[in-house]
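Notes follow the structure.
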């Protein structure tokens, strides 16, 4: 049966197009049956089988749905992978990827990883006898030193959340391929517009699509892309078996958000670079973390593997008391969990994204009580700076 949402991402014509064009013309932008200029919402849980001798392309929405398939082909095209998968959240996608492992396996992971990933690895996968060693992945020697006989996977996050440390993706994957290790990378901060890890040797790319891909704080979703068909078949089995699939309406909403990704990311970044420069000269700020700053230790590596610096700026105001005071005085950003939206979002990792990480562990990884994370939205940057200036000023 023909795909009613149109051609798939496997068509060479689509692969050759520039990223900006792929965002709008991704193979399902015109409905193959009606000509509609939007992917139809196939709001169905099950599909009639016209002939048991000739199975239909879809039978049950947990296993596959044309609307969700259009999204999955879309992200595979953008990341340059073999197959894409849409999950109910970013953590559902990450958890699904880790289900490729078995009891007794060992993982090497970025030390200042997102708090939800840390919680999964330290409180859930440990009960399945999967162990993890957290290392500073800015140092390849530490990654290599963490290798054990039972190591099966390496999990990268670059830039890391929230201290924006940079890992040399190509250096890590060159080493993992020599040892037949699986590599997984959380690409949420950069998106495929700025960074395409599969081209650098990564096996599975993961996204909290709730963030920049969706871009409007109105959908919770996760995406995974497999670099090859073998991994794709295994991930499909896991997605179908666990049933942690993205709903049809959310799939449609996410596709709508993704169409403006390039325009949003460019505007976000222009403002983020201006904000990072301003914060660096503000005496109320002790440290600024942003890979676009000239003094960022990972800037050269980041520029090798990414086309931009992103929209997240973290900075330390010296103490938890001062951080909370800042959060209470800002007027423009949401003070909230999450990032990557059209509106600015100011987060406090110690009590939000990294609350699952014990205080002493957070401090060891540079996530101190004075650290805040600013996801720069699409508001006028001068208004953002003026707002932060009044919030940081001492009464």
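Residue numbers (my numbering): 308 to 702. Just so it is clear, CB atoms sit at the ideal spot from N, CA and C, and this is done for glycine as well. Remember, predicted model here, so these are calculated numbers, not experimental data.
If only uninterrupted beta strand (DSSP E) runs of at least 3 residues are considered, those enclosed by the region 587-613 are 594-596. Within a 10 Å sphere around the beta-carbon of residue 386 sit 16 or more other beta-carbons, which makes this residue buried. Residue 652 is bridged by DSSP to 641, 682.
Taking a 10 Å sphere around the C-beta of residue 346, we find 16 or more other C-beta atoms and assign the residue as buried. Residue 531 holds the alpha-carbon nearest to the alpha-carbon of residue 494 among 547, 484, 486, 531. Following the DSSP letters along the chain, one finds residue 450 in no beta strand (DSSP E) but inside the alpha helix (DSSP H) bounded by residues 447-452. Cβ neighbours of residue 488 within its own chain (closer than 7 Å, five residues either side excluded): 458, 459, 460, 461.
Between the alpha carbons of residue 544 and residue 510 lies a gap of roughly 17 Å.
Looking at the backbone, the Cα of residue 673 and that of residue 351 are separated by about 48 Å. Residue state for residue 479 is assigned as helix, using DSSP reduced to three classes. In the DSSP assignment, residue 566 falls outside any alpha helix (DSSP H), carrying neither H nor E. The region 595-613 makes contact with the region 470-478, as at least three CB pairs between them are under 8 Å. Ranked by how close their Cα comes to the Cα of residue 382, the residues 330, 683, 607, 549 have 330 in first place. Where residue 417 is concerned, the enclosing beta strand (DSSP E) starts and stops at 413-417.
Counting of Cβ neighbours within 10 angstroms places residue 468 among the buried residues, the total reaching 16 or more. The region 405-421 makes contact with the region 434-443: 3 or more CB pairs, one atom from each, lie closer than 8 Å.
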